[in-house]
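Enquirer: In this note's numbering, the protein residues as written are 599 to 749.
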């Protein structure tokens, strides 16, 4: 079940790394930047150019997605069954307006919507929290680090 924190991370940092299995049994990980939390038990992304991921999901329709808040250094892993929805299906027409509202013109390039059920949701956090670090300290530290990288 997607709780408030998982939904926040996905809304603020919609770039998820999708892990699938290739037809020959190898792991595959690919970034997808158009995620939306659909409801309390599913997420989805608008697929613009991911034929390999779609092929993998056709063979093995399960995926795990990892999202990270790079400032708080917290994240969420979501695992569940997937469904690739093609443009032209009624489900696509029902879901598509969410992407139009969020990504505007980019949404017109979406050929499929990939829905992933949230069968298992695991929260992640960096080890400094184990030693008493606070969110405010982590945010301050990583804001400084990002400012150094992108002055």
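Quick reminder that beta carbons are idealized off the backbone N, C-alpha and C, glycines included.
Small disclaimer: the values here were computed from a predicted structure and weren't measured.
Starting from the C-beta of residue 666, find all residues in its chain whose C-beta is less than 6 angstroms away, skip the five residues before and the five after it, and write them out in chain order.
Expert: For this step, residue 666 is matched to residue 68 along the chain shown. So the qualifying residues of the chain are 673.
Enquirer: Just to check my reading of the structure: residue 641 and residue 716 have Cβ atoms closer than 8 angstroms, yes? What is that Cβ distance to the nearest angstrom?
Expert: Translated into the one-based positions of the chain shown, residue 641 becomes position 43. Translated into the one-based positions of the chain shown, residue 716 becomes position 118. At roughly 6 angstroms, the Cβ-Cβ gap stays under 8 angstroms, so residue 641 and residue 716 are in contact.
Enquirer: Roughly how many whole angstroms lie between the Cα atoms of residue 747 and residue 739?
Expert: As a position in the chain shown, residue 747 is number 149, starting the count at 1. As a position in the chain shown, residue 739 is number 141, starting the count at 1. In a straight line, the C-alpha of residue 747 is about 13 angstroms away from that of residue 739.
Enquirer: If we count Cβ pairs, one from each stretch, closer than 8 angstroms, do we get three or more for the segment 673–687 versus the segment 715–735?
Expert: Enough Cβ pairs lie closer than 8 angstroms, so yes.
Enquirer: Bridge partners of residue 634, per DSSP?
Expert: As a first step, residue 634 must be located in the chain shown, where it is residue number 36. In the DSSP output, where bridge partners are listed per residue, residue 634 has 642.
Enquirer: Quick one: what does DSSP say residue 742 is sitting in, helix, strand or coil?
Expert: Within the chain shown, the letter at position 144 stands for residue 742. Helix, per DSSP.
Enquirer: In the DSSP assignment, what residue or residues form a beta bridge with residue 722?
Expert: Translated into the one-based positions of the chain shown, residue 722 becomes position 124. DSSP output for residue 722 lists 673 as bridge partner(s).
Enquirer: Just curious, the alpha helix (DSSP H) that residue 653 is in, first and last residue?
Expert: Along the chain shown, read from residue 1 onward, the residue named residue 653 stands at position 55. Looking at the DSSP string, the run of the alpha helix (DSSP H) that includes residue 653 is 649–657.
Enquirer: When you compare each of 619, 735, 614 and 643 to residue 690 by their alpha carbons, which one comes out closest?
Expert: Residue 690 sits at position 92 when you count from the first residue of the chain shown. Ranking the options by Cα distance to residue 690, first place goes to 643.
Enquirer: Should the segment 681–696 be regarded as contacting the segment 614–622, the criterion being three or more beta carbon pairs within less than 8 angstroms?
Expert: Short answer: they don't touch.
Enquirer: For the segment 720–731 against the segment 643–654, are there 3 or more C-beta pairs whose distance is under 8 angstroms?
Expert: Contact between the segment 720–731 and the segment 643–654 is absent, because fewer than three Cβ pairs lie under 8 angstroms.
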